[in-house]
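Student:
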Ligand SMILES: *[C@@H]1O[C@H](CO)[C@@H](O)[C@H](O)[C@H]1NC(C)=O
Ligand SMILES: *[C@@H]1O[C@H](CO)[C@@H](O)[C@H](O)[C@H]1NC(C)=O
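In our numbering, the protein residues as written are 11 to 375.
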């Protein structure tokens, strides 16, 4: 069990030949030497662009050892500054969620040999373009699994137990505790929790929920996960239909792809229990938000807890915000100090490995 929730240090050690290993060091040193012939002794062999001014220091320090750094300083990062500074770089640490597409790759030039994002999901990357140019791309899954899983459990309880509505009752002077059945919510104990997508994050959520004495985990994925993990998590693979009809809590933990976009629409909500709670910590576009609004408004489902919406930022006048039975957070799943710093470290290692032609710690393809 433990080794699936790898710690950062384990992940780095686990990477083939280890970043600190002699193979890479000697390669780097020879690159440094060959660079020194033409340039000055202090010249660093690679130029790397940091696309966001707030990339944690942990990542900057690592890159700074052997790379000349160019940094986007505007905040929010300006496309024009990015396109200007990207010219001629060897590597890119893509700190934000802006479109990484042909425009950017063209602006960089053909010498570009390594890119890493600082996110798990890479739906803002034109992956075909990156692949076509054979540029290694890294991302940072796994390190954020625990932080996102913690948040998902929080959302599940907050939505199931009506935290938002309760707060509003206080503010509006409607604390009606003379009722015996006031503000009743859904139990986690003995519930069936269904996961749409069941990778590292989904499994980390299931692991936490096992401490809440749930009855069963169901999951819908393309491929069945390994038997041992299924047994540990009391998890069973089912078709999407069965997931919807049997789950008390439905957790969306799948990447956004053409196949998952808009899958949670009116048809899906109509198959769910009317006591069901929907949680989305993946991507907003997997849910048809108009249909979700209708399903919550009509109490067709009980409640929803969302860390992701469409668009982001959600406009302050969004009709979703008028509902009592929804908890909405501004996409803060991985937003803990330690996790953000770990993401920068992994991203920097990815970039460095790509630069010297080694396999990245967490390649995106
Ligand atoms: C919901 O999506 C499914 C495909 O995932 C589709 O077959 C169905 O027609 C959609 N329903 C509505 C109401 O859009
Ligand atoms: C955030 O993390 C960094 C790196 O781990 C650490 O040096 C710093 O003290 C932390 N800051 C806070 C506010 O926790």
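Cβ atoms here follow ideal geometry from the backbone N, Cα and C, with glycine treated the same way.
Using the three-state DSSP reduction, which class does residue 271 fall into: helix, strand or coil?
Tutor: Position 261 of the chain shown, counted from the start, is the residue given in the question as residue 271. Residue 271 falls in the coil class under three-state DSSP.
Student: Are residue 195 and residue 172 closer than 9 Å when you measure CB to CB?
Tutor: Within the chain shown, residue 195 is the residue found at index 185, counting from 1. Within the chain shown, residue 172 is the residue found at index 162, counting from 1. Cβ atoms of residue 195 and residue 172: closer than 9 Å.
Student: Quick check on residue 129: buried or exposed, where buried means 16 or more other Cβ atoms within 10 Å of its Cβ?
Tutor: Here residue 129 is taken as the residue at index 119 of the chain shown, counted from 1. Classification of residue 129: buried, given that the 10 Å Cβ count is 16 or more.
Student: Collect the residues with a C-beta less than 6 Å away from any heavy atom of ligand 1 and give them in sequence order along the chain.
Tutor: 273, 275, 276 and 277
Student: Quick check: the segment 149 to 156 against the segment 175 to 189, are there 3 or more CB pairs under 8 Å?
Tutor: no
Student: Please report how far the alpha carbon of residue 354 lies from the alpha carbon of residue 69, in whole angstroms.
Tutor: Taking the chain shown and counting its residues from 1, the one referred to as residue 354 is at position 344. Taking the chain shown and counting its residues from 1, the one referred to as residue 69 is at position 59. Cα-Cα distance, rounded: 5 Å.
Student: By DSSP, does residue 135 sit in helix, in strand, or in coil?
Tutor: In the chain shown, counting from the first residue as 1, residue 135 sits at position 125. Residue state, collapsed to three classes: strand.
Student: Below 6 Å CB to CB, which residues in the same chain sit around residue 81 once its five sequence neighbours on both sides are set aside?
Tutor: On the chain shown, position 71 is the one that residue 81 refers to. Contacts found: 60.
Student: Since I believe residue 258 is in contact with residue 201 (beta carbons under 8 Å), could you give me their beta-carbon distance rounded to a whole number of angstroms?
Tutor: Numbered from its first residue, the chain shown carries residue 201 at position 191. Numbered from its first residue, the chain shown carries residue 258 at position 248. Confirmed, about 4 Å.
Student: Hey, how far is the Cα of residue 335 from the Cα of residue 84?
Tutor: Position 325 of the chain shown, counted from the start, is the residue given in the question as residue 335. Position 74 of the chain shown, counted from the start, is the residue given in the question as residue 84. Each residue's Cα considered, the two are about 38 Å apart.
Student: Around the C-beta of residue 344, are 16 or more other C-beta atoms found within 10 angstroms, so that it is buried, or is it exposed?
Tutor: Reading the chain shown from its first residue, position 334 is the one you call residue 344. Flag for residue 344 reads buried.
Student: Assess contact between the segment 138 to 147 and the segment 300 to 320, defined as three or more Cβ pairs (one per stretch) separated by less than 8 Å. Is contact present?
Tutor: no
Student: Would a C-beta distance cut-off of 9 Å place residue 262 and residue 250 closer than the cut-off?
Tutor: Here the question's residue 262 lines up with position 252 in the chain shown. Here the question's residue 250 lines up with position 240 in the chain shown. Annotated as distal: residue 262 and residue 250, with beta-carbon spacing of 9 Å or more.
Student: Assign residue 25 to one of two classes, buried (16 or more other C-beta atoms within 10 Å of its C-beta) or exposed (fewer than that).
Tutor: By 1-based counting over the chain shown, the position of residue 25 is 15. Confidence is the limiting factor: at residue 25 the pLDDT is only 37, short of 50, which leaves the residue's position unreliable, though a coordinate-based value still follows. Classification of residue 25: buried, given that the 10 Å Cβ count is 16 or more.
Student: Classify residue 252 as helix, strand or coil using the three-state DSSP reduction.
Tutor: Numbered from its first residue, the chain shown carries residue 252 at position 242. If DSSP states are grouped into helix, strand and coil, residue 252 belongs with the helices.
Student: Taking only runs of the alpha helix (DSSP H) that begin and end inside the segment 202 to 265, which ones reach a length of at least 4 residues, in chain order?
Tutor: 210 to 219, 237 to 243 and 250 to 256
Student: Could you check what DSSP says for residue 36 in three-state terms: helix, strand or coil?
Tutor: Numbered from its first residue, the chain shown carries residue 36 at position 26. For residue 36, the predicted model reports a pLDDT of 47, less than 50, meaning its position is unreliable; a value from the coordinates is still stated below. Correct three-state label for residue 36: helix.
Student: With C-beta atoms as the reference, is residue 159 less than 9 Å away from residue 211?
Tutor: For this step, residue 159 is matched to residue 149 along the chain shown. For this step, residue 211 is matched to residue 201 along the chain shown. Between residue 159 and residue 211, the CB-CB gap stays under 9 Å.
Student: Might you give, ordered along the chain, the residues of its own chain that have their beta carbon closer than 7 Å to the beta carbon of residue 99, omitting 5 neighbours on each side?
Tutor: As a first step, residue 99 must be located in the chain shown, where it is residue number 89. If we look at residue 99 and ignore the five residues flanking it on each side, its Cβ neighbours are 57, 58, 59, 80, 118 and 122.
Student: Count the C-beta pairs between the segment 290 to 303 and the segment 324 to 333 that are closer than 8 Å, then say yes if the count reaches three, no if not.
Tutor: yes
Student: Could you tell me whether the segment 351 to 366 touches the segment 101 to 120, where touching means 3 or more Cβ pairs closer than 8 Å?
Tutor: yes
Student: Could you say which of 187, 314, 348 and 371 lies nearest to residue 164 if we only look at CA atoms?
Tutor: Within the chain shown, the letter at position 154 stands for residue 164. Closest by alpha carbon: 314.
Student: Quick one: using the 10 Å Cβ neighbour count with 16 as the cut-off for buried, is residue 282 buried or exposed?
Tutor: As a position in the chain shown, residue 282 is number 272, starting the count at 1. Residue 282 should be labelled buried.
Student: Note down, in chain order, each residue of its chain lying with its Cβ closer than 7 Å to the Cβ of residue 109, except the 5 sequence neighbours on either side.
Tutor: Residue mapping note: residue 109 aligns to position 99 of the chain shown, counting from 1. Excluding residues within five positions, the ones whose Cβ falls inside 7 Å are 134.
Student: Buried or exposed, going by whether 16 or more other CB atoms sit within 10 Å of the CB of residue 64?
Tutor: As a first step, residue 64 must be located in the chain shown, where it is residue number 54. Residue 64 is exposed by the Cβ-count criterion.
Student: So what does DSSP say about residue 367, is it helix, strand or coil?
Tutor: Translated into the one-based positions of the chain shown, residue 367 becomes position 357. Coil at residue 367, not helix or strand.
Student: Quick check: residue 248 and residue 204, are their CB atoms within less than 9 Å of each other?
Tutor: Taking the chain shown and counting its residues from 1, one reaches residue 248 at position 238. Taking the chain shown and counting its residues from 1, one reaches residue 204 at position 194. Yes, Cβ-Cβ distance for residue 248 and residue 204 is below 9 Å.
Student: From this set, 246, 279 and 267, which residue's C-alpha is nearest residue 254's C-alpha?
Tutor: Along the chain shown, read from residue 1 onward, the residue named residue 254 stands at position 244. Checking every option, the nearest Cα to that of residue 254 belongs to 279.
Student: Are the CB atoms of residue 265 and residue 293 nearer to each other than 9 Å?
Tutor: On the chain shown, residue 265 is found 255 positions in, with the first residue counted as 1. On the chain shown, residue 293 is found 283 positions in, with the first residue counted as 1. In this structure, residue 293 lies closer than 9 Å to residue 265 by Cβ.
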